[in-house]
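Numbering (the UniProt record's numbering), first residue to last: 1 to 1190.
Heads up, the beta-carbon is just placed ideally off N, CA and C, and yes, glycines get one too.
Worksheet for the structure shown next.
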């Protein structure tokens, strides 16, 4: 429906009339509703132009007046604007408002002059009021009121809506609408000029044109009727008809275009830009200024000119780089090409860090935490000489000994045993050695007052922070890639398999993984159920206040936000502050970890310690504190023996050191060079200006160095064997009693026992090993563990990708097929990528979830999956309202609990299966991908892909290369530091607004938080206990709490049930089938299909008992223990308990069961449900079958 010119109207039913009143009139609204979905009002000024438009959409009100747009409770806005489901953006020369809310869709367009147009959905037919008529499909009954046909001005008077304190007299004079015949001819010619072939009826427009001609200040001039010709042009364009460039410089001109844009009467409003050059949409064309063919709009450098795609600049951390410029980061160099970064990886050392008492980050950047008291194997590798192994000792700590934290690092080989702990250094004969210490190719020295460094010649380097919290950083050269095992992971570039146990299988949880690397007979690590902050509200507030310095704007840390995302460090800081009794050292250590990560990226945060009370460090004597210090050339020893203390670190470290020009002597004082003693072999030293005789030569100590005269002797002659440097003690047989009892688990690690103190207990006889049940067995009969269960010799478990067999206490795994990976979009904007990275976002635009054809040469993409997110909670959280799947010309759209399919693509095979709870799509793109898409008809959507080529995939689901480190790869091929920048880059429409923050609905709705935590706690309860060892439950629990808090405009229980169903589905993927729904908790009504029959072809049902036997019932999964080709999923099924439906045979088939492993290592053996072997397969029933699944 539209109005244009001095007062022409065309209603929803395409009836045209004229009315020129200047009061405020209702243009279109929904009749007889107390709060209509929309209400649009307008007022014309005396100059016949539209002076004001008011658009009311539920709680949002937009007012357009004098060319500016204001939104209630926001004020005047800039375009493009996106908020609460409303987008306002330029559309050619017009401005367009699109409202997409859960229950409605509406478009309003205007041009700040004489034009206003509204598009509504079909569902409002027969329900609208206002100048736009009743939208009932009949043209001639628009002015009927209470059975009478009214005149135009009487009908208009009914639509009048006066402003407060205004009485507007409606114009009683009927306008003469009898056109002059003399202009009919010229009007037809002018309309043909716009579009001779347009199917929009011309008659009404000819009449409007004639009225324009006769009411004009200079009657009969062609320019009199520009507004009517423009409207005809717009209506033809909206009907996707051909429109010519009919305007000329002196006929209906709309002004010049800026920069190098050109005017088009029919140009695509989907502007291709440097940030999204492939943008296309199905919108009709419009008039305005556009970039010439073959160029795109440069929206990055803000001068809004049109450039060839090769001249597009790139952007990074808010800085703009021209095409061809390169940028160097820590481990890669990137070149700007066609608006995208083309990056090359450089060889980079692996880093593993043990921080904050209980946090570990592996070489492949996987972070986890655990609480155990034992000595653990940190890293073993065939690349370390003399069977070298690196271990970490965790001990009880805190005033009340209730916590665990790192207390020592041990390096053990057949030549050395070196223990670095808080009280300096211990070597293998348990004597305390003074630093520096050297043994063969290992040198240990104090790099600063806070750090001890162990330098080796074989590619291993350890930096240990001794105060305020004991922390260790391990660095290995690239020759170790793929050759390490232990708590630091396997360093193969793949984050997903970092939890590789000593028995050669990947565990699901940190504590089970850590337990497999125990180097001694100790208790298993504890799984922390409770968040330490939940125990005391006071501690929590204090922790959050102190730690928030990391994330706040305007702090010393803000400089680094663009490079390193502070959120994980903030969470770690809060956890440490609540968990440890000595709060401040741990808060400072978390801030220090962030500062260290920043300096590893080349950004040294000076003075961060001064910004936090209790973090400053006081130096003794005349030493000074520095954020970038080293021992070399700052100690007297480094002058006389450079090989001992001159080993720089590549990441700057902090600590106290002597001022420039001063050197630290043996008494810990800073002295001048001339006062430095000289160091000899065997830790002896001579004072400055004294002399000593070595090998018959006299040497003087000058400026910290020995100056000798005469010919020195060969040191190899004076030392027959290097006994001074290496001393070996006896074997530790029986010296430590039961602490070194041989166990199967130690056999799997293959390391000699490292006891810390003697313990009494039972020990197996020689040649036998203790297994999990405490029995002694020979090595061949040692069991293997997986997921907290024990498997005997020769037993097999199967996952989707591999078959693993137990031999001698270790798993031997064989790849059996191409693997698939799943990306989940669930609840209020939660995404788990193909590589396992999780994040949350609150955008309300259309985003690309996954597509292919992302490599730099931009091949044609064979599929693209787009989600449209809309606001679904008062706090601003968003949910997916519809999913579109584009496969060439074939399109699936999933929305409103159903789906539509349009177009066709012979190169794609697909099959749709329905089920009461899910819709499933099996899509095969031959030679490329097999996809299974599962949608629960609400907000949960799973994309399972197995690919036959190494084609790159991109979008919000990540790049599917096995490494979660670079999952935030933006559209311009650069890895973003946080999810917001990443999410914003994958918008379909570049004009849709960016997201700047993620809301926390629980802090906005504290009264809902308690309810959410209580109901979601089923995930942590006994109901799901069988799955806790297989799938980490915390992210699912947190997502459930967030969604239950945010879902506050109806359907809150549904949101919560959906969130729990996602965890249940993740368990099912690992073969754990959990029956968690009850009649009171998230019930599913399957009985319905026993008492209702399907009618017709649609999805309609009518009451009437099924003639089939009434066997519809709910099942939490199909056959739990078996391998077959369908995805296992909960739903309503019509096969008996131990059958499944086979699509190909079109009948129920009996389940094939597999053997059950025995359950161990669980105090609740008797109450556990039978846990199946791992299979990621189960059946679903398709629609084209004898017993239809619903």
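For the pair residue 876 and residue 838, the Cα-to-Cα distance works out to about 20 Å. When DSSP states are grouped into helix, strand and coil, residue 864 belongs to the strand group. Per DSSP, residue 116 is one residue of the beta strand (DSSP E) stretching across 116-120.
Exclusion of the five residues before and after residue 497 leaves 490, 506 as the residues of its chain whose Cβ lies within less than 8 Å of its Cβ. Residue 768 has 778 as its beta-bridge partners, per DSSP. Remark: fewer than three beta-carbon pairs, one from each stretch, lie closer than 8 Å, so the region 77-87 and the region 10-23 are not flagged as touching. Annotation for residue 115: 4 place their beta carbon closer than 6 Å to its own, counting only its chain and skipping 5 residues before and after. For residue 77, the secondary structure class from DSSP, reduced to helix, strand or coil, is coil. In the DSSP assignment, residue 820 falls within the unbroken beta strand (DSSP E) covering 820-826. Restricting attention to 444, 828, 702, 580, the CA atom closest to the CA of residue 844 is found in 828.
With fewer than 16 other Cβ atoms inside 10 Å of its own Cβ, residue 667 counts as exposed.
Looking at the DSSP output, residue 803 sits in a beta bridge with 798, 814. Three or more beta-carbon pairs separated by less than 8 Å are not found between the region 1042-1061 and the region 887-907, which leaves the two stretches without contact. In terms of Cβ geometry, residue 267 and residue 93 do not form a close pair [threshold 8 Å]. For the set 1138, 1146, 536, the Cα lying nearest the Cα of residue 1152 is the one of 1138.
According to the DSSP secondary-structure assignment, residue 89 is paired through a beta bridge with 96. With a contact defined as Cβ atoms closer than 8 Å, residue 527 and residue 511 qualify at about 5 Å.
When Cβ pairs closer than 8 Å are counted between the two stretches, the region 534-545 is seen to touch the region 576-585, the count reaching three or more.
Looking only at 663, 679, 680, 678, the smallest Cα-Cα distance to residue 672 is reached by 663. Distances from the alpha-carbon of residue 625 to those of 450, 867, 1080 put 450 closest.
Among the bridge pairs identified by DSSP, residue 921 is matched with 912, 933. If you draw a straight line from the Cα of residue 778 to the Cα of residue 1041, it is about 49 Å long. Taking all protein chains in view, the Cβ of residue 967 is crowded by 16 or more other Cβ atoms within 10 Å, so the residue is classified as buried. The DSSP-derived three-state label of residue 412 is strand.
The region 334-349 makes no contact with the region 558-568; the number of CB pairs closer than 8 Å stays below 3. Secondary structure note for residue 1028: its alpha helix (DSSP H) is the uninterrupted segment 1025-1028. The DSSP-derived three-state label of residue 287 is strand.
Along the length of the region 496-530, whole alpha helix (DSSP H) runs at least 4 residues long occupy 510-515, reported in chain order.
Residue 1112 sits in coil when the DSSP states are folded into three classes, being neither helix nor strand. The region 640-652 and the region 606-621 do not touch, with fewer than three beta-carbon pairs separated by less than 8 Å. Here the region 445-464 does not lie against the region 326-336, with fewer than 3 beta-carbon pairs under 8 Å apart. Per DSSP, reduced to three states, the secondary structure at residue 386 is helical. For secondary structure counted as the alpha helix (DSSP H) over 4 or more consecutive residues, the region 172-260 holds these complete runs in sequence order: 184-194, 203-215, 226-238.
DSSP places residue 741 in no beta strand (DSSP E); its state is neither H nor E. Secondary structure of residue 954 (DSSP, three-state): strand. For residue 378, the uninterrupted beta strand (DSSP E) segment begins and ends at 374-381.
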